[in-house]
Structures are given as C-alpha cells and as structure tokens.
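Contents: one structure, followed by commentary.
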Amino acid sequence: MSDKESIPAASVAQAPAPGPPPAALAIDMVLGGWRAQALHAFCKSGLADIMNANDYMDAKALAEQKDLNANAVRRLLRFLSSVGVCVEEETGGRFKLGPVGEVCTKSHPESVAGRVLLECGSAHQLLWQNCPEYLKTGKNVTKTAFGVDNYWDMCQADPAHLKIFQEAMTSYSNDEATMMKIAPLSPTLNLSSFNVICDLGGAEGALARAMNDRFPDKTYIMADLEEAVARIDTSNLPSNITALACNFFVQETIPVADAYFLKHIIHDYNDTKSIEILSNIKVTNPKATIYVIEFGPMPGPNVPHLSKVFDIHMALTLDGNERTQEEYHALFKEAGYGLTKTHLLAGGQHPLYIQEIESS
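All residue numbers for the sequence shown refer to numbering that gives the first Met the number 0, where the first residue is 0 and numbers rise by one.
Structure, rendered in structure tokens:
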C-alpha cells in the first residue's frame, strides 16, 4: 500500500467511548438513595395524584392543594423533572407528570405507588441501615430496627404499616399478574386441567382475579391470613372466586385444591420454613401441582438481576432467600417435589419466572 492510499474508514477499529470513572459510579449509587427519597416524598405528599401528563400546573397552586410549602414543592419538582418523573415548562415554575410520574399515581393501571411507599418508607430504610449487623450475624435485623423478633410481628403491631405493605403487594401482583394473564407473555402456562386453584398467601387476590380472566371456567380460592383477607372487598368478587382465611404453617387450614400458586412466598423463608409450607400442601393434596413464582432465574457471576438485590432485602427482613436454580432443585427435592416445567415471562425479559413442581 502506498503512502497515498488510505485505509477504508470501516476497517478502522473504533475505541469504545469511555464510561464514567469508578468514583462517579460509586457516588451515583449514593445519590440513588436521595432520588428514591425524593420519589417517596412525591408519592406520600399526594402531589403525584393531583398532577397529570397534559397540563402544566404552577408549583404554588399544587402546594396550596396539599397544604405544602410552595418553594419546597417547586424545588422538589424541579429535581424530579431532571429524572423523568415530571416535566418542567421551558419558562420555568410550572410542571406536569412525566412518564415515570404517571405510573406513580394511584389511579394508573400500572401504578407503582404502593411499592414506592413501602420500599422507600422509613421501615424498610431502617432495615437497610442495619445491613452491617446482618454482615456480622447472618440473621434478620428486625430486632434492632423495630424492637420485635420478626417482620410479621411488626406488621401486626402497626396497622398503618400493614396497610402500606398490603397495598404494595397488590401493586407487585398487578404488574406480575398482567404478565400471566396475557397469553403471549406467558405462552407455556396452562391451567386448563385443573378445577380448583388456590392463590395461597395471595394478599388481596390480584393473581387469582387475573387468572380468572384467562381461565374463567375454574374455581379460585384467595387464601391468606385473617387480617389480609379482611381487606378484600368480597362484594364484587365473581361467583367462582372465594376468599378464605388460612395459615400455610397450619396444615389443617389450607384449602384443598388441584393447584396452588405461591407467589413471593418461598423467598420469605429459609429452607426449613419453605419445606414446611410445601410439606403442608403435600399433606393437604399430595397430587396437587404447585406454581412457585419468584424473581429469577438468578444469573451467574457479575450479571445484574433483581433477584440478587432482593436476596439481601429478604435476608434483612425475614431471613429469607432468593435462590439459584441449583438451590431450588435441592429445596424441592428435600420437600419431596421435582421441577416439571419452567415458565418464563415476556420471553425472559421480565425478572419473574414460574417453576411448576409436582410430588416426586
């Protein structure tokens, strides 16, 4: 090649654009806590629910509606407008909801408001503040955080927190149930061979209601603790859905069904307690199919996934676990079950998956 000949541009290797330096990434993780608290304040104050995505509103008018300080509201919304929660008018001082803000309203069909209020609230923040204690003991930190032996005792002692918790669980369930209700998003899930299906520990029954939309010719039982069932408005339930108080640690209270959904139940408990739940179902109906619905499958080293952060959260809260597939296999085997099918949601793009297990 002569000096005058040039190398084609397409053959020249392009150096990757440099990413943020490690120090900047570390500080961004720190500031993530601030962003979370700003979003929590936005939801808890009620600002999200008096705004909309079409009309710019003056910060002073918004503050007056909620009896808030106008300058503080303006400053909060200005910040939230930099992260997609709100949109600030180019002339400044007036705001409307952005895409993130829309799903933070309680009325949105994909609302995450309940989850924001729970996960960013003071109770769950206290749990994470005591993570150094967990690193020393390997045990949940509820005694230090709340002065009680376990998280459920705290919920029973604090009705206001229990309400937030239940609403958050419904929020999680509404999102996840949509994935299971729409056949193209969960094409391998098939309940056609069952007559009676129990949503065990299903809070307000969002999953049972969704499954009834997809498989309407079944009988559904929404079963949970008495205080959870008491929150269900049974007056508007279809005739084929019933609500029943039960405790899955008390075998005699578990209703007989052909199939059981355990959504975000097994991750609440260590192996001993999880095996107890599965064993109690087996005594109730040894031929029943169980659908274990949790975050996963957990990927290998260095790959981010929601299951990895929730694993720490469950440990802090309840001595619970998110598990690798190998750990699930061992758990099922110990309880006398075997994995028969795995159902991915949205082609594996959703962080939840379903493990179908039967007695081995």
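Ideal Cβ positions, reconstructed from N, Cα and C, are used throughout, including at glycine.
None of the values given here were measured: they were computed from a predicted structure.
1. For Asp232, count neighbouring Cβ atoms within 10 angstroms of its own Cβ and tell me buried if that reaches 16, exposed if not.
2. Are the region 177-189 and the region 337-356 in contact at 8 Å, needing three or more beta carbon pairs?
3. Under a CB-based cut-off of 8 Å, is Gln128 close to chain D?
4. Note down, one range per segment and in chain order, each alpha helix (DSSP H) of at least 4 residues found wholly within the region 137-183.
5. CB-CB under 6 Å to Leu125, same chain, minus the five flanking residues each way: which ones, in chain order?
6. For the region 69-76 against the region 32-48, are there 3 or more C-beta pairs whose distance is under 8 Å?
7. What span of residues does the beta strand (DSSP E) with Val195 cover, start to end?
8. Compare the C-alpha of His349 against each of Thr323, His304, Ser238 and name the closest.
9. Would you kindly work out how many angstroms separate the C-alpha atoms of Lys262 and Asp48, rounded to a whole number?
10. How long is the line joining the alpha carbons of Met210 and Gln128, rounded to whole angstroms?
11. CB-CB under 7 Å to Ala40, same chain, minus the five flanking residues each way: which ones, in chain order?
12. Measuring only the C-alpha atoms, how far is Ser359 from Gly335?
13. Provide the residue(s) that pair with Phe260 in DSSP beta bridges, ordered along the chain.
14. Whose C-beta lies closer than 8 Å to the C-beta of Met178 among residues of the same chain, with five residues either side of it excluded?
15. May I have a chain-ordered list of the alpha helix (DSSP H) segments no shorter than 4 residues that lie completely inside the region 96-129?
16. When DSSP labels each residue in this structure, what does Glu88 get in the three-state scheme?
17. Where does Met50 fall in DSSP's three states?
18. State yes or no: is the C-beta of Leu206 within less than 8 Å of the C-beta of Ser273?
19. Quick check: what's the CA-CA separation for Ala60 versus Ile253?
20. Give a yes or no on whether the C-beta atoms belonging to Tyr290 and Ala258 are separated by under 8 Å.
21. Do you know how far the Cα of Ser306 is from the Cα of Ser81?
For this structure:
1. Position 233 of the sequence shown, counted from the start, is the residue given in the question as residue 232. With fewer than 16 Cβ atoms within 10 Å of its Cβ, Asp232 is classed as exposed.
2. yes
3. Absent from the structure: chain D. Only one protein chain is present.
4. 141-145, 150-156, 158-180
5. In the sequence shown, counting from the first residue as 1, residue 125 sits at position 126. Here the set comprises Ala144.
6. yes
7. Within the sequence shown, the letter at position 196 stands for residue 195. Its beta strand (DSSP E) spans residues 195-199.
8. The residue given as residue 349 occupies position 350 in the sequence shown. Of Thr323, His304, Ser238, the residue nearest in Cα terms is His304.
9. In the sequence shown, the residue the question calls residue 262 occupies position 263. In the sequence shown, the residue the question calls residue 48 occupies position 49. One C-alpha to the other measures close to 29 Å.
10. Counting from 1 along the sequence shown, the entry for residue 210 is found at position 211. Counting from 1 along the sequence shown, the entry for residue 128 is found at position 129. Using only the alpha carbons, I get a separation of about 38 Å.
11. Within the sequence shown, residue 40 is the residue found at index 41, counting from 1. Excluding positions up to five away in sequence, the list reads Leu75.
12. Position 360 of the sequence shown, counted from the first residue, corresponds to residue 359. Position 336 of the sequence shown, counted from the first residue, corresponds to residue 335. Roughly 6 Å separates the two Cα atoms.
13. One-based indexing of the sequence shown puts residue 260 at position 261. For Phe260, which the question treats as bridged, DSSP gives the partners Asp198, Tyr290.
14. Residue mapping note: residue 178 aligns to position 179 of the sequence shown, counting from 1. So the list reads Leu184, Ser185, Leu344, Ala345, His349, Leu351, once near-sequence residues are dropped.
15. 98-101, 112-118, 121-128
16. Position 89 of the sequence shown, counted from the start, is the residue given in the question as residue 88. In the structure shown, Glu88 sits in coil (DSSP, three-state: anything other than H, G, I, E or B).
17. One-based indexing of the sequence shown puts residue 50 at position 51. In the structure shown, Met50 sits in coil (DSSP, three-state: anything other than H, G, I, E or B).
18. Your numbering for residue 206 matches position 207 in the sequence shown. Your numbering for residue 273 matches position 274 in the sequence shown. Cβ atoms of Leu206 and Ser273: not closer than 8 Å.
19. Looking up residue 60 in the sequence shown gives position 61. Looking up residue 253 in the sequence shown gives position 254. For Ala60 and Ile253, the distance between alpha carbons rounds to 52 Å.
20. Mapped onto the sequence shown, residue 290 falls at position 291. Mapped onto the sequence shown, residue 258 falls at position 259. Yes, the Cβ-Cβ distance between Tyr290 and Ala258 is below 8 Å.
21. Position 82 of the sequence shown, counted from the first residue, corresponds to residue 81. Position 307 of the sequence shown, counted from the first residue, corresponds to residue 306. Answer to the nearest angstrom: the Cα atoms are 28 Å apart.
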